[in-house]
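A.B. asks:
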Amino acid sequence: MYKVKLLSFTLQVLLISSVNIAIAETLPQIEKAGTFKVISGSVKTLRDSTIHNVDIGDSVLVGDLIITAASSFAGITLYDNTRLTAGPNSSIVINAFSFNTTTHDGELNAHINKGSLAVISGQLAKANPEKVVFNTNTMTVGVRGTEFIIEAHGE
Amino acid sequence: MVKIKRYSLTVCIALFAVSPWFASAGSYWQSSGTPIRDSNGACVVASLAKHKVTACNPPDRVILLPGANGKAGAVLISAQGITHRLDQAYKTLSTAPDGFSEQSLSADQVNREFGQLLGALPQPVVTFTIKFVSGSATQLTPAASTVIEQLKAEVQNRDAPEIRLIGHTDSVGKLLQNDLLSQQRAQTVVDILKSYGIAPEVMEATGRGEREPAVATADNISEAANRRVEVRVR
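Top to bottom, those sequences are chains A and B.
For the first sequence, my numbering gives the first residue as 139, with consecutive numbering after it.
For the second sequence, my numbering gives the first residue as 281, with consecutive numbering after it.
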């Protein structure tokens, strides 16, 4: 019993260090979710196991891990007009995003590993609020059309 | 991945819980996987198998803000099987060992702490409506030239602008002809913006024919308000 627990403890330590990479790698990389509109300081994405520097105008793809350095900010507008800003020292994954401009169907799921994220919800949350979800390691936030900030302290 | 990780975190905390060292520290924990804190609520740091591990984290927190109209919407926050609704501006909800803790901040406190974060939000989407002469795919109404100027200025003032153009018609004529006419109207505005040096790659034009009138009418009714291209600048 003890051995099993120790093994899972080791597993946990390994997972903590690799969880971000794993999330980015196991999701499809093709869909464009939005665009970086505001970049202040140093912002990078982890995409296809590669770190990219981000400039204003670059695309945000489904599966991207967005990483901001100290004193850095990243402002993003998604296709459904959801507006997001990641604050300093943040690590955020866009797990899922789709949006039909005609029916306003789709989904948005983002995970805040650590840091802060300001959100002004868009057309998706208006039409299908139950399809818009933000997670941290300890909580799940469902959106009912609103502005809010999520802070997560990660591991 | 996240689910597996959460599971192993729970197991990990269970391991701390059975440790005699831990029990003697006068600490508490929750079997649900809540962070472990000492009697003062401070995080306990444990050393195990060469790894130094912080057994708990500062709380995660959600801060609800007033919307553009001054009224707050609502968020539903779930943790440890409990769901809490937050629906007043400047209320905050933090994870705590025994569930949630709700607090109120003032507008000043939020501005001090998060002013920079909120200042880095992208600009809101702005919509322009360009009206057309009856039956024409290319002729704008006289008033439309002012709107075109405003639209051009808005696009040029933005970082990485993206433009969605949706053409519409009134209900005069056949449905499919109007679908085509509405697409041509959207294309006319694309061509005007291109002539100002705005890159075609950032524009996305579609037509909705008479299917989405600004003013609802019976069929075959001439209605100036419905002969339009809606342009959303993101």
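Cβ atoms here follow ideal geometry from the backbone N, Cα and C, with glycine treated the same way.
Measure the C-alpha to C-alpha separation of leucine 398 (chain B) and leucine 385 (chain B) and round it to an integer number of angstroms.
C.D. replies: Within the second sequence, numbered from 1, the residue matching residue 398 (chain B) stands at position 118. Within the second sequence, numbered from 1, the residue matching residue 385 (chain B) stands at position 105. Answer to the nearest angstrom: the Cα atoms are 16 Å apart.
A.B. asks: Starting from the beta carbon of glutamine 383 (chain B), find every residue of chain A whose beta carbon is closer than 7 Å, and list them in chain order.
C.D. replies: Here residue 383 (chain B) refers to the residue found at position 103 when the second sequence is read from its first residue. Ordered by position in chain A, no residue passes the 7 Å Cβ test against glutamine 383 (chain B), which lies about 13 Å from the chain.
A.B. asks: At which residues does the alpha helix (DSSP H) containing threonine 375 (chain B) begin and terminate?
C.D. replies: Here residue 375 (chain B) refers to the residue found at position 95 of the second sequence. Segment 371 to 376 is the beta strand (DSSP E) holding threonine 375 (chain B); no alpha helix (DSSP H) there.
A.B. asks: At 3 residues or longer, what runs of the beta strand (DSSP E) sit wholly inside the segment 171 to 229 of chain A?
C.D. replies: Fully enclosed beta strand (DSSP E) runs of 3 or longer: 181 to 185, 188 to 191, 197 to 199, 203 to 206, 211 to 216 and 221 to 224.
A.B. asks: Leucine 366 (chain B) and alanine 376 (chain B): beta carbons closer than 8 Å?
C.D. replies: Taking the second sequence and counting its residues from 1, one reaches residue 366 (chain B) at position 86. Taking the second sequence and counting its residues from 1, one reaches residue 376 (chain B) at position 96. It is not a contact, given that the beta carbons lie outside the stated cut-off.
A.B. asks: Could you tell me how far apart the beta carbons of serine 197 (chain A) and threonine 173 (chain A) are, in whole angstroms, since I believe they sit closer than 8 Å?
C.D. replies: Sequence index remark: in the first sequence, residue 197 (chain A) carries index 59 (1-based). Sequence index remark: in the first sequence, residue 173 (chain A) carries index 35 (1-based). Their Cβ separation, rounded to whole angstroms, is 6 Å, which keeps serine 197 (chain A) and threonine 173 (chain A) in contact under 8 Å.
A.B. asks: So if DSSP puts phenylalanine 272 (chain A) in a beta bridge, which residue, or which two residues, is it bridged to?
C.D. replies: For this step, residue 272 (chain A) is matched to residue 134 along the first sequence. A:Ala248 and A:Val279.
A.B. asks: So, helix, strand or coil for serine 358 (chain B), using DSSP?
C.D. replies: For this step, residue 358 (chain B) is matched to residue 78 along the second sequence. Of the three classes helix, strand and coil, the one that applies to serine 358 (chain B) here is strand, per DSSP.
A.B. asks: If you follow the beta strand (DSSP E) that arginine 444 (chain B) is part of, which residue opens it and which one closes it?
C.D. replies: Against the second sequence, residue 444 (chain B) aligns to sequence position 164. Note, arginine 444 (chain B): beta strand (DSSP E), 443 to 448.
A.B. asks: Tell whether a beta-carbon distance below 8 Å holds between aspartate 242 (chain A) and valine 231 (chain A).
C.D. replies: Counting from one through the first sequence, the residue named residue 242 (chain A) turns up at place 104. Counting from one through the first sequence, the residue named residue 231 (chain A) turns up at place 93. Residue identity check: residue 242 (chain A) is histidine in the sequence provided, not aspartate. Result no, Cβ atoms of histidine 242 (chain A) and valine 231 (chain A) do not sit closer than 8 Å.
A.B. asks: State yes or no: is the beta carbon of arginine 185 (chain A) nearer than 8 Å to at least one beta carbon in chain B?
C.D. replies: What you label residue 185 (chain A) is simply residue 47 of the first sequence in a count that begins at 1. It does not; no Cβ of chain B falls within 8 Å.
A.B. asks: Near threonine 449 (chain B), what residues of its chain come up, given a Cβ to Cβ distance below 7 Å and the 5 sequence neighbours on each side ignored?
C.D. replies: What you label residue 449 (chain B) is simply residue 169 of the second sequence in a count that begins at 1. Correct list, in chain order: Asn458, Leu461, Ser462, Gly489, Glu490, Asn506 and Arg507.
A.B. asks: Contact criterion: CB-CB distance below 8 Å. Does threonine 294 (chain A) meet it with respect to chain B?
C.D. replies: Here chain A comprises residues numbered 139 to 293, so residue 294 (chain A) is not present and cannot be evaluated.
A.B. asks: Over the uninterrupted beta strand (DSSP E) stretch that includes glutamine 430 (chain B), give me the two end residues.
C.D. replies: As a first step, residue 430 (chain B) is located in the second sequence; it is residue number 150 there, counting from the start. From DSSP, glutamine 430 (chain B) is part of no beta strand (DSSP E) but of the alpha helix (DSSP H) over 424 to 436.
A.B. asks: Which bits of chain A does threonine 375 (chain B) rub up against, with CB to CB less than 9 Å?
C.D. replies: One-based indexing of the second sequence puts residue 375 (chain B) at position 95. What threonine 375 (chain B) touches in chain A: Thr274, Thr276 and Met277.
A.B. asks: Is there a Cβ from chain A that is less than 8 Å from the Cβ of glutamate 442 (chain B)?
C.D. replies: Here residue 442 (chain B) is taken as the residue at index 162 of the second sequence, counted from 1. Yes - at least one Cβ of chain A is within 8 Å of the one on glutamate 442 (chain B).
A.B. asks: Using the beta-carbon count (16 or more within 10 Å), is arginine 465 (chain B) buried or exposed?
C.D. replies: Numbered from its first residue, the second sequence carries residue 465 (chain B) at position 185. Burial call: buried.
A.B. asks: Which of the three DSSP states, helix, strand or coil, is assigned to glutamate 481 (chain B)?
C.D. replies: Here residue 481 (chain B) is taken as the residue at index 201 of the second sequence, counted from 1. Glutamate 481 (chain B) falls in the helix class under three-state DSSP.
A.B. asks: Could you give the residue range of the beta strand (DSSP E) that holds isoleucine 410 (chain B)?
C.D. replies: In the second sequence, the residue the question calls residue 410 (chain B) occupies position 130. Note, isoleucine 410 (chain B): beta strand (DSSP E), 406 to 411.
A.B. asks: From methionine 483 (chain B) to glutamate 442 (chain B), what does the alpha carbon distance come to, in whole angstroms?
C.D. replies: If you number the second sequence from 1, residue 483 (chain B) lands on position 203. If you number the second sequence from 1, residue 442 (chain B) lands on position 162. Rounded to the nearest angstrom, the two C-alpha atoms are 6 Å apart.
A.B. asks: My assumption, with CB atoms under 8 Å, is that threonine 206 (chain A) sits in contact with glycine 213 (chain A). Please give the rounded CB distance.
C.D. replies: In the first sequence, counting from the first residue as 1, residue 206 (chain A) sits at position 68. In the first sequence, counting from the first residue as 1, residue 213 (chain A) sits at position 75. Rounded, the Cβ-Cβ distance is 11 Å, inconsistent with contact.
A.B. asks: Could you tell me whether the Cβ of alanine 359 (chain B) comes closer than 8 Å to any Cβ of chain A?
C.D. replies: Here residue 359 (chain B) corresponds to residue number 79 of the second sequence, with the count starting at 1. Alanine 359 (chain B) counts as touching chain A.
A.B. asks: Less than 8 Å separating the beta-carbons of serine 228 (chain A) and serine 254 (chain A)?
C.D. replies: For the purposes of this step, residue 228 (chain A) is taken as residue 90 along the first sequence, with counting starting at 1. For the purposes of this step, residue 254 (chain A) is taken as residue 116 along the first sequence, with counting starting at 1. In contact: serine 228 (chain A) and serine 254 (chain A) (Cβ atoms closer than 8 Å).
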